[in-house]
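J.:
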Amino acid sequence: MQPAKPDYAGDSENDVPNLNLPNILTFIRLLLVPVFAFLLPQSQESDNLRWWAAAVFGVAALTDLIDGFIARRYHLITTIGKIADPIADKLLIGTALIALSIEGTISWWFTAIILVREISITLLRFKVINRGVIPASRGGKAKTISQIVAILAYLIPVHGPVDRVAALVMLIAVLLTVVTGFDYVIRAYRLPQLPSKESESRT
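Per my numbering, the sequence shown starts with residue 206, numbered consecutively.
1) Label D252 either buried or exposed according to how many other C-beta atoms from any shown protein chain fall within 10 Å of its C-beta, with 16 as the threshold for buried.
2) Compare the C-alpha of K397 against each of R336, R343 and Y279 and name the closest.
3) Taking the Cβ atom as the reference point for each residue, do I318 and T382 lie within a distance shorter than 8 Å?
4) DSSP three-state call for R336: helix, strand or coil?
5) Considering only their Cβ atoms, is the gap separating V221 from F241 smaller than 8 Å?
6) If D269 and R322 are in contact, beta carbons under 8 Å, what's the gap, nearest whole angstrom?
7) Does DSSP classify E308 as helix, strand or coil?
8) Between which two residues does the alpha helix (DSSP H) containing R395 stretch?
9) Using only CA atoms, which one of W256, T283 and L360 lies nearest to I311?
10) In whole angstroms, what separates the C-alpha of P208 from that of L380?
11) Just to confirm the assignment, what range does the alpha helix (DSSP H) spanning G410 have?
12) Grab me the residues of I353's own chain with a C-beta within less than 6 Å of its C-beta, minus the 5 sequence neighbours each way, in chain order.
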């Protein structure tokens, strides 16, 4: 594995305006989280509301796929986007997992493992932010997609084979969550160390 390439908060990407389409999509995803959180508990009483909750989650998840593509394709990557985007993802997925566990659809063990990993990695991101921002890896993207697919399968009011698919994909998502968590810790550790006060005084 190659050492993580530092992506400094003060790099040239900061010349890109923060008010751009990818960041707007990220903000929309943040706004959809409370809407989804309101709909999902109500949806136990109505299949129509369940479909609406699934649709809101699906649209929010779609913005995650679109904003990343646009940011990379048109060079609209910003430091704010690199920080806000994963936070928006974690809020959306975390809200869904907690709500589904409360209603008994998903095991609390799965939810706990994913949430502990996501919170820990988010805190680690802020701890090393002065040394660099590590972009999402392919494994991290696969982890997010598998979580989204599993949650959508649990959300739609269709049972039978869909339930078995949801359980299998959720198991894969949990495994990817753990593996990519360790990978992120290793890549964060390999970021260049900040100069100590003693070394700075000698320059």
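Even for Gly, the Cβ is constructed at its ideal location relative to N, Cα and C.
T.: Here's the rundown:
1) Residue burial annotation: D252 is exposed, with fewer than 16 other C-beta atoms found within 10 angstroms of its C-beta.
2) First, the amino acid is wrong: residue 397 is Pro here, not Lys. The option with the nearest alpha carbon to P397 is R336.
3) Against a cut-off of 8 Å, the Cβ pair of T382 and I318 comes out as a contact.
4) Of the three classes helix, strand and coil, the one that applies to R336 here is coil, per DSSP.
5) Inclusion of F241 and V221 in the CB contact set at 8 Å is not warranted, their separation being larger than that value.
6) For a cut-off of 8 Å, the C-beta gap from D269 to R322 is around 18 Å, too long to register as a contact.
7) Note: E308 maps to coil in three-state DSSP.
8) Per DSSP, R395 belongs to no alpha helix (DSSP H) and is neither H nor E.
9) Ranking W256, T283 and L360 by Cα distance to I311 puts L360 first.
10) Interpretation of P208 is limited by its pLDDT of 43, a score under 50 that renders its predicted location unreliable; no figure is taken from the coordinates.
11) The structure shown has nothing for residue 410, since the chain only spans 206 to 408.
12) For I353, where only same-chain residues beyond five positions count, the Cβ hits under 6 Å are A266.
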